[in-house]
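**Student:**
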Amino acid sequence: MMRPPRPKYELEDVPATPLPAELIDSTFKSHYLDLISAPLGGTILSVSDEWFAPATNLLLPTKPIYSEKQVFTGQWMDGWETRRHNRAAFDYGIIRLGVSSGTISGIEVDTAFFQGNEAPAISVEGCLSSDNEEVISWKGERGKWEVILGLQKCGPSQRHAWKLNSPPTKAFTHVRLNMYPDGGIARFRIYGKAIPILPSDKEEIFDLAAAQNGGIAVSWSNQAFGTLAINLLLPGRGPDMADGWETARSRTDDHVDWVIVKLGVPGKVKSLILDTAHFRGNFPEQAQVTGIHDLSEDGPRASDEYWRDLTVLSECEADKEHTFESLDQEPTFTHVKLTIFPDGGVKRLRVFGTRAD
0 MMRPPRPKYE LEDVPATPLP AELIDSTFKS HYLDLISAPL GGTILSVSDE WFAPATNLLL
60 PTKPIYSEKQ VFTGQWMDGW ETRRHNRAAF DYGIIRLGVS SGTISGIEVD TAFFQGNEAP
120 AISVEGCLSS DNEEVISWKG ERGKWEVILG LQKCGPSQRH AWKLNSPPTK AFTHVRLNMY
180 PDGGIARFRI YGKAIPILPS DKEEIFDLAA AQNGGIAVSW SNQAFGTLAI NLLLPGRGPD
240 MADGWETARS RTDDHVDWVI VKLGVPGKVK SLILDTAHFR GNFPEQAQVT GIHDLSEDGP
300 RASDEYWRDL TVLSECEADK EHTFESLDQE PTFTHVKLTI FPDGGVKRLR VFGTRAD
């Protein structure tokens with residue numbers, strides 16, 4: 000007996016360039032945020048199914064892992080996996096971005112360790128809405144979704160990514176990942192830029208560097224042990240060292256490590272916090288923060304001579320928030336540089352100030 004065909008869900012084609020796995024990080028991670036990352040506040044609102052593995056795994060910042068562990072539904076999988084034989088056009092997951100809204104430039108879908116049960120194809124849609132319940136009510140229907148990435152084939156156990164050729168200039172608050180027709184995906188990333196809601200009062204002090212306010216790490220000396228420099232700008236203090244920034248051990252007397260952060264908006268820096276939470280035997284000996292005003296397309300270099308001191312070179316302690324009053328509160332800064340001596344781990348960097356415009 001023949002089963003009826005699945006309903007069709009027509010999508011317009013959106014020009015996008017596939018990226019080889021070895022270019023994904025260099026293309027996206029020094030220019031964009033993962034707007035749906037769980038530490039940033041990305042949230043799964045609704046899914047069509049998650050029988051074998053929960054969709055919350057999609058948003059984890061860590062690399063997927065493999066385990067032969069068996070659970071009630073079968074082998075434990077580090078990702079989102081739906082049951083077989085879906086008769087709808089696709090399975091879906093609806094996600095609220097972790098920022099107030101953002102523009103989107105690229106997408107990553109990782110099917111690591113899904114082999115034979117991977118999603119054969121995906122598409123991504125987005126919307127701008129202040130009403131989560133309305134968005135959830137659209138389920139797998141058309142609703143007010145707009146195509147961000149058209150239908151794309153996926154293969155087993157590999158990273159897939161697409162850079163949008165003409166990224167939409169409009170902002171999105173929600174995305175829907177569509178998986179055709181069912182299967183598994185380990186991780187899902189939406190690369191873009193946060194659009195912050197800035198204080199209407201120009202004298203109000205807020206965190207100019209916070210990822211949710213548009214701050215982003217643009218360059219760094221190194222990042223080791225699976226940590227990322229962008230983690231410095233995440234909300235909260237995190238559960239452990241994994242979502243901080245840690246550098247490799249140095250073996251020379253004059254070594255320093257550094258990271259340059261582009262502020263969400265140019266501003267006047269009033270105070271700073273350097274947090275070494277969870278870094279106990281591997282915190283830096285000393286640290287200093289400097290600032291610069293640089294509107295060039297390429298941005299400042301670590302070696303530029305125009306960096307101005309925002310803090311003195313200060314001794315660091317384990318597992319502590321180090322608070323500083325800014326040494327230079329009147330100029331407008333676009334970037335700050337955290338320099339650590341000689342190496343080590345830092346959890347968060349907060350740069351409190353007022354917007355310049």
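First residue of the sequence shown? That's 0 in numbering that gives the first Met the number 0, and the numbers climb one at a time after it. For glycine and all other residues, C-beta sits at the position ideal for the given N, C-alpha and C. None of these values were measured; they are calculated from a predicted model.
Considering only C-alpha positions, which residue in the set 241, 314, 201 and 179 is nearest to residue 123?
**Tutor:** Nearest C-alpha to residue 123: 179.
**Student:** Quickly, what does DSSP pair residue 219 with across the bridge? List them, please.
**Tutor:** 258.
**Student:** Pull up the distance between the alpha-carbon of residue 182 and that of residue 5, whole angstroms please.
**Tutor:** Cα to Cα, residue 182 sits roughly 16 Å from residue 5.
**Student:** Below 8 Å, can you find three or more Cβ-Cβ pairs linking the stretch 136-143 to the stretch 95-104?
**Tutor:** Contact between the stretch 136-143 and the stretch 95-104 is absent, because fewer than three Cβ pairs lie under 8 Å.
**Student:** For the beta strand (DSSP E) holding residue 163, just list the boundary residues, first then last.
**Tutor:** 158-163 is the span of the beta strand (DSSP E), which, as asked, contains residue 163.
**Student:** Could you give the distance in angstroms between the alpha-carbon of residue 11 and the alpha-carbon of residue 354?
**Tutor:** C-alpha separation (whole angstroms): 40 Å.
**Student:** With 16 as the cutoff for other CB atoms within 10 Å, does residue 71 come out buried or exposed?
**Tutor:** Exposed, by the Cβ-count rule.
**Student:** Does DSSP put residue 178 in a helix, in a strand, or in coil?
**Tutor:** Strand, per DSSP.
**Student:** If you draw a straight line from the C-alpha of residue 129 to the C-alpha of residue 311, how long is it?
**Tutor:** Taking the straight line from one Cα to the other gives about 43 Å.
**Student:** Classify residue 344: buried if its beta carbon has 16 or more other beta carbons within 10 angstroms, exposed otherwise.
**Tutor:** Answer is buried; the Cβ neighbour count reaches 16.
**Student:** Under 8 Å by Cβ, that's how I've got residue 291 and residue 332 pegged, so tell me the actual separation to the nearest angstrom.
**Tutor:** Confirmed, about 6 Å.
**Student:** Leaving aside the five residues before and after residue 30 along the sequence, list all residues of the same chain whose C-beta is less than 6 Å from its C-beta, in chain order.
**Tutor:** If we look at residue 30 and ignore the five residues flanking it on each side, it has no Cβ neighbours.
**Student:** Counting only the same chain and skipping the five closest in sequence on each side, list residues whose C-beta sits under 6 Å from that of residue 40.
**Tutor:** Cβ within range, chain order: 97.
**Student:** Output yes or no for whether 8 Å exceeds the beta carbon distance between residue 94 and residue 176.
**Tutor:** Against a cut-off of 8 Å, the Cβ pair of residue 176 and residue 94 comes out as a contact.
**Student:** Exposed or buried, which one is residue 84 when buried takes at least 16 other CB atoms within 10 Å?
**Tutor:** Burial call: exposed.
**Student:** First and last residue of the beta strand (DSSP E) that includes residue 337?
**Tutor:** Its beta strand (DSSP E) spans residues 332-340.
**Student:** Buried or exposed: which applies to residue 172, given that a residue is buried once 16 or more other Cβ atoms fall within 10 Å of its Cβ?
**Tutor:** Buried.
**Student:** Assuming residue 157 contacts residue 121 (C-beta within less than 8 Å), just tell me the rounded distance between them.
**Tutor:** In fact, because the Cβ distance is near 13 Å, the residues do not count as touching under 8 Å.
**Student:** Start and end of the alpha helix (DSSP H) containing residue 229?
**Tutor:** Careful: residue 229 lies outside any alpha helix (DSSP H) and carries neither H nor E.
**Student:** Taking 8 Å as the cut-off, does the stretch 209-222 touch the stretch 314-332 (at least 3 CB pairs, one atom from each stretch)?
**Tutor:** The stretch 314-332 vs the stretch 209-222: no contact.
**Student:** Any idea if residue 125 is buried or exposed, counting beta-carbon neighbours within 10 angstroms, 16 or more meaning buried?
**Tutor:** Result: buried.
**Student:** Could you compute how far the alpha carbon of residue 270 sits from the alpha carbon of residue 260?
**Tutor:** Spanning the two alpha carbons is a distance of roughly 16 Å.
**Student:** Helix, strand or coil, according to DSSP, for residue 309 in the structure here?
**Tutor:** If DSSP states are grouped into helix, strand and coil, residue 309 belongs with coil.
**Student:** Which of helix, strand or coil does DSSP assign to residue 15?
**Tutor:** Three-state DSSP puts residue 15 in a strand.
**Student:** How would you call residue 164, buried or exposed, if buried means at least 16 neighbouring beta carbons within 10 angstroms?
**Tutor:** Residue 164 should be labelled exposed.
**Student:** Give me the Cα-Cα distance between residue 406 and residue 244, rounded to the nearest whole angstrom.
**Tutor:** There is no way to answer for residue 406, as the model of the chain reaches only from 0 to 356.
**Student:** Looking at the strands, I want to know which residues DSSP matches up with residue 92.
**Tutor:** Answer is 46 and 176, bridged to residue 92.
**Student:** Can you have a look at residue 196 and say buried or exposed, based on whether 16 or more other CB atoms are within 10 angstroms of its CB?
**Tutor:** Its Cβ having fewer than 16 others within 10 Å, residue 196 is exposed.
**Student:** Relative to the C-alpha of residue 210, which residue among 239, 264, 17 and 167 is closest?
**Tutor:** Nearest of 239, 264, 17 and 167 to residue 210, Cα basis: 264.
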